[in-house]
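Colleague: This is the structure I want to talk about, given as structure tokens.
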DNA sequence: CTCCCTTGAGAAAACCTTTTCCCAAGTCGC
DNA sequence: GCGACTTGGGAAAAGGTTTTCTCAAGGGAG
């Protein structure tokens, strides 16, 4: 026989109709009882609730969505294949939304416009309440236009045009954090090695680097722009220590602020090979706080953390309020970074 | 006025009813026309199709799902926070499903049973067609039971009980690939440095390592088990080169097969610091083929790739056929790894 | 000229829930 | 004792689509 003592393998989900029938009421009343709406005796309400509980009733979200015109789903579009940036961000988004019962479709669209359109269409068909777009790097845009989709769109860690809503890390602020930390530690010859000039963040950070040095009356060395790789970090060390040095004084750096953790790692490895002590002779600070790299570096790498999870959380909350109909001004919100101090930057001279 | 020349900002999505009205037919006929069902004159069909096209009609997936009892969504559950393994896998899953119009909810549940249950419930409410579960490592299970959910579940890169359906990488095969490659290159003293003994894959790979050496009549050194970190790679090199060596012969290794790329990187760095040439004196092969690490290693690291994207694709296709009602035998399917040869393993002596 | 069959298309039910409107019975005030 | 109001609960529509059933018209066979 089909009846056994098991706790019901939930073959077909229980519907409200069944709950209502078993509780001896109409579906309308059952619905109201479960949603705390309508008027009925307390006895009726509890009876219905208990019946629902006993049957393990869970409302069909599809039916609800159809009626409410709200699916309680959002799409997260990314072109960050390895998830270096998008996964922490996604964690934040998810965290902000899960309590509202909102689930997230993750779509990796690489840089393929056709694939991007395919995913966007699929999400539109599924009536997502909104879309969050994120990119590998702040100015590497997605190959698809999210305006005029008829649903709210929020950008995170990527800046489209200025009349969209975007959340990005405050890269200039992050750079300040790093360089000012070096200043406080008494470093006086601070160099900057960063990624390609084609990235907007490279310039934002370089500007901040220059500004902080100027404020502290320290000499500036023209930032070395190259690639986001360890190999470039190695190469940059050659230039830094075999080259001209600062301001014609031929002084060598006692600190290097790097554009990301991979560059920083390359720099540290190259310094070690030259017999230059980190952090004693030269301090190094990275950017991104990619834990797995920062902690494996010897010594462990001090790095600027962009708080991607917080960024994702903010983006999620903003989308939620947008979906809820609250108005929001377009614009770009910069969220502060934080410095995660490990051992590569050194300690204050006096302890 | 509300009418302007813009290409219609699609405020409210177009419904089938509107298409039908404009084409002068009933919704039933419109539906059939668009789905290639029913019978009607070719003229009617094309007229309806053109109307739909012109209005930019896209069927409401929610309504379809409600009726078909199929939502064209699946959930991907993971506890891999940084997405090292789950993102490539997800890419494969997504790739397998996107053409079927299926979207993927990504849920990172960390190791929190409460959070896991929350996500599973949310997905059940949304009537996902199935669930794919994946873990950080093959034997690090999710803190939630996916049996008896009433929908198909597939495991990828994680093995639950043997009467589930799981796709995992053939770790033993991958290890064979690496060790046999060393043998072909003429290496004779092949050591193995791997992760913690608490991981099943560590033993699977170690077994294969022993087997291949035995088959080739080469001496076995007891595998060194430790951690999945660079630091452990460093430490292991001490043991390998300051210790007993092979079989009391006190011979030192001329090759090291590592349990992952981070260990391999640590080993290579430590060898360089000892002045031991890689690959000339000692060859090194890693596992995971974590591109960003493997390519940054000097020299670039030869590594075993678990084909996670392929794994994801297989899992996605399997789930699809399960959802389609096709029966599938429970069991664990192992998918082959492949060796990605870079420079750390050396070339054939006469090559 | 009938009868049957085919063709083309529409009506309606179904999926599941929410919400508005409605009604019957009871209660209160005067 | 009567009107007005409250209370408890149900009927029905709505959301957008698919599918089954139904039906009218037309065509061919006898």
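Protein chains in written order, with the numbering used here: chain A, 11 to 361; chain B, 11 to 361.
In this text, a Cβ means the ideal position worked out from N, Cα and C, and glycines have one as well.
#1: Just mark residue 248(B) as buried or exposed, buried being the case when its beta carbon has 16 or more other beta carbons within 10 Å.
#2: Starting from the C-beta of residue 239(B), find all residues in its chain whose C-beta is less than 6 Å away, skip the five residues before and the five after it, and write them out in chain order.
#3: Which stretch, first to last residue, makes up the alpha helix (DSSP H) that contains residue 223(B)?
#4: Using a Cβ-Cβ distance under 8 Å, would residue 141(B) count as near chain A?
#5: Closer than 8 Å is the cut-off here; do at least three beta carbon pairs connect the segment 298 to 309 of chain A with the segment 219 to 228 of chain A?
#6: With a threshold of 8 Å between beta carbons, is residue 111(A) in contact with chain B?
#7: Using only the alpha-carbon positions, how far apart do residue 89(B) and residue 338(B) sit?
#8: Looking at the strands, I want to know which residues DSSP matches up with residue 175(B).
#9: Residues of chain B with CB under 9 Å from residue 248(A), in chain order?
#10: Chain B beta carbons: is any one of them nearer than 8 Å to that of residue 104(A)?
#11: Quick one: give me the first and last residue of the alpha helix (DSSP H) that residue 61(A) is part of.
#12: Quick one, which of 214(A), 185(A), 212(A), 173(A) has its alpha-carbon nearest residue 200(A)'s?
#13: Would you kindly work out how many angstroms separate the C-alpha atoms of residue 228(A) and residue 351(A), rounded to a whole number?
#14: Kindly confirm or deny that the segment 302 to 311 of chain A and the segment 78 to 88 of chain A touch, where touching means at least three C-beta pairs closer than 8 Å.
#15: Say whether chain A places a C-beta atom closer than 8 Å to the C-beta of residue 68(B).
#16: Can you confirm whether residue 170(B), when its beta carbon is compared against all beta carbons of chain A, has any partner nearer than 8 Å?
#17: Check whether the Cβ of residue 315(A) lies closer than 8 Å to any Cβ atom in chain B.
#18: In the DSSP assignment, what are the bridge partners of residue 348(B)?
#19: Nearest by alpha-carbon distance to residue 75(A): which of 113(A), 178(A), 166(A) is it?
#20: Between residue 137(B) and chain A, is any beta-carbon pair separated by less than 8 Å?
#21: So what does DSSP say about residue 145(A), is it helix, strand or coil?
#22: Output the distance between the C-alpha atoms of residue 241(A) and residue 285(A), rounded to the nearest integer angstrom.
#23: Using a Cβ cut-off of 9 Å, pull out every chain A residue sitting near residue 91(B), in sequence order please.
#24: Looking at C-alpha atoms only, which residue of 165(A), 196(A), 170(A) is the closest neighbour of residue 322(A)?
#25: Inspect the CB distances between the segment 207 to 217 of chain B and the segment 175 to 189 of chain B and report whether three or more fall short of 8 Å.
#26: Please classify residue 19(B): does DSSP put it in a helix, a strand, or coil?
#27: Comparing alpha-carbon positions, which option in 175(B), 128(B), 135(B), 136(B) lies nearest residue 144(B)?
#28: For residue 37(A), tell me which candidate among 99(A), 47(A), 44(A), 26(A) has the shortest Cα-Cα distance.
#29: At which residues does the alpha helix (DSSP H) containing residue 38(A) begin and terminate?
#30: Return no unless some Cβ of chain A is closer than 8 Å to the Cβ of residue 63(B).
#31: Leaving out five residues on either side along the sequence, give the residues of the same chain with a beta carbon under 7 Å from the beta carbon of residue 277(B).
#32: Going by beta carbon distance, what residues of the same chain come within less than 8 Å of residue 361(A), once the five residues before and after it are set aside?
#33: How about residue 240(B): is its C-beta nearer than 8 Å to some C-beta of chain A?
#34: So what does residue 294(B) bridge to, in DSSP terms?
#35: Grab the span of the beta strand (DSSP E) containing residue 114(A) for me, first residue to last.
#36: What is the rounded straight-line gap between the Cα of residue 274(B) and the Cα of residue 315(A)?
Modeller: Once the coordinates are examined:
#1: exposed
#2: 272
#3: 210 to 225
#4: no
#5: no
#6: yes
#7: 26 Å
#8: 164(B), 341(B)
#9: Chain B residues near residue 248(A): none, gap ~15 Å exceeds 9 Å.
#10: yes
#11: 52 to 65
#12: 185(A)
#13: 22 Å
#14: no
#15: yes
#16: no
#17: no
#18: 315(B)
#19: 113(A)
#20: yes
#21: coil
#22: 18 Å
#23: 97, 98, 101
#24: 165(A)
#25: yes
#26: Bear in mind that a pLDDT of 43 at residue 19(B), under 50, signals an unreliable position, so the number given afterwards is only what the model happens to contain. Note: residue 19(B) maps to coil in three-state DSSP.
#27: 175(B)
#28: 26(A)
#29: 37 to 45
#30: no
#31: 203, 243, 246, 247, 266, 268, 294
#32: Any reading at residue 361(A) must be qualified, since the residue scores a pLDDT of 46, below 50, and its modelled position is unreliable; no value is offered.
#33: yes
#34: 266(B)
#35: 113 to 118
#36: 27 Å
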